[in-house]
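Below: one structure, written as structure tokens.
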Amino acid sequence: MKLMAFNGSPRKKWNTATMIEHALEGAREAGAEVELVHLYDLDFKGCSSCLACKRVGRKEVGVCAMKDELKPVLDRVREADALLVGTPVYYGTESACARAFLERVQYPYLNYANYDKSYFPRKIPTGLLYTMNVQESLLEILGYPVTFERTRAFLARHFGSCELLLSTNTSQYKDYDKYETGFDKADKARHHAEQFPKDCQAARELGARLAQGYQS
Ligand SMILES: Cc1cc2nc3c(=O)[nH]c(=O)nc-3n(C[C@H](O)[C@H](O)[C@H](O)COP(=O)(O)O)c2cc1C
1 MKLMAFNGSP RKKWNTATMI EHALEGAREA GAEVELVHLY DLDFKGCSSC
51 LACKRVGRKE VGVCAMKDEL KPVLDRVREA DALLVGTPVY YGTESACARA
101 FLERVQYPYL NYANYDKSYF PRKIPTGLLY TMNVQESLLE ILGYPVTFER
151 TRAFLARHFG SCELLLSTNT SQYKDYDKYE TGFDKADKAR HHAEQFPKDC
201 QAARELGARL AQGYQS
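So the sequence shown is numbered by full-length UniProt numbering: it starts at 1 and just counts up by one.
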């Protein structure tokens, strides 16, 4: 069992990456081999709409024709047994880099002739993890759950299943005194000390579940 995880934050040691590391730890403990890809390290773009992956008579299905640094990663995704995508929320949605990745990793598997029959060769479990500044109580008001659910449902459609995990009210800065902020610093510190470890534990458990493989 191989789990591939993707960090859609430019920061390699902050909230999203920390949550992903815990998920990978849980997966490792459950016996999975893991690989972490920091998407911001790669030179790639989102789908170019060349439509080679939709061409009638194409030699292979489910393969993106774009040749860039994401290509070998997408080749490995084909062999993976589970996927985990982690992203910070930027302007109410995934980071641009995570979005570009989601387009590239999914569109070749989208079967226009039969939406329910993905071109991905088998069913695998996936996880989708968001970290964000806002407090949980504001999610509905801001309309975030609709966005999260849309992306979750697409991953489930393309790969088999997808579990969503959220971490709200994250600490964006190590030292809130050094940066412009309108946030309640004491609340941020308290949340980081008390809730974030619980979020990381939930990520660890998610990783362990992903390592069990696809459950119908
Ligand atoms: C460009 C940018 C846009 C952001 N937009 C939002 C937003 O719309 N909603 C929100 O809750 N947090 C927003 N944030 C905060 C991040 O989502 C939050 O701090 C996240 O946990 C950062 O993840 P990281 O520590 O892994 O980089 C934004 C941060 C940046 C840099």
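Yeah, the Cβ is synthetic: ideal placement off N, Cα and C, and Gly gets one too.
| query | result |
| --- | --- |
| Tell me which same chain residues have a C-beta within less than 6 Å of the C-beta of residue 20, skipping the five on either side of it? | 5, 7, 86 |
| In chain order, what are the residues with a CB under 5 Å from some non-hydrogen atom of ligand 1? | 9, 11, 14, 15, 16, 88, 89, 90, 91, 92, 131, 132, 133, 134, 170, 172 |
| Across which residues does DSSP place residue 52 in a beta bridge pair? | DSSP lists no partner for residue 52. |
| Quick check on the DSSP output: the alpha helix (DSSP H) that includes residue 154 runs from which residue to which? | 144-159 |
| Could you compute how far the alpha carbon of residue 196 sits from the alpha carbon of residue 176? | 17 Å |
| In chain order, what residues of the same chain have a beta carbon less than 6 Å from the beta carbon of residue 98, not counting five sequence neighbours either side? | 8, 87 |
| Between residue 121 and chain D, is any beta-carbon pair separated by less than 8 Å? | The chain labelled as chain D is not found in the depicted structure, where only one protein chain is given. |
| Could you tell me the boundaries of the beta strand (DSSP E) in which residue 6 lies? | 2-7 |
| Am I right that residue 109 and residue 120 are in contact with their C-beta atoms under 8 Å? What's the rounded C-beta distance? | 4 Å |
| Over the uninterrupted alpha helix (DSSP H) stretch that includes residue 136, give me the two end residues. | Here residue 136 belongs to no alpha helix (DSSP H), and DSSP marks it neither H nor E. |
| Would you call residue 199 buried or exposed, if buried means 16 or more other Cβ atoms sit within 10 Å of its Cβ? | buried |
| Taking Cβ positions, are residue 125 and residue 82 nearer each other than 8 Å? | yes |
| At 4 residues or longer, what runs of the alpha helix (DSSP H) sit wholly inside the stretch 86-125? | 96-106 |
| Give me the Cα-Cα distance between residue 113 and residue 30, rounded to the nearest whole angstrom. | 38 Å |
| Report the rounded CA-to-CA distance for residue 18 versus residue 57, giving the unit in angstroms. | 44 Å |
| For residue 68 versus residue 41, is the C-beta distance shorter than 8 Å? | no |
| To the nearest angstrom, how far is the alpha carbon of residue 215 from that of residue 95? | 29 Å |
| Tell me which residues share the same chain as residue 164 and place their Cβ nearer than 7 Å to its Cβ, disregarding the 5 neighbours each side in the sequence. | 128, 148, 152 |
| Which one of 45, 208, 103 has the shortest CA to CA distance from residue 155? | 103 |
| Please state whether DSSP places residue 80 in a helix, a strand or coil. | coil |
| Determine the direct distance from the alpha carbon of residue 24 to that of residue 37, and round the result to whole angstroms. | 12 Å |
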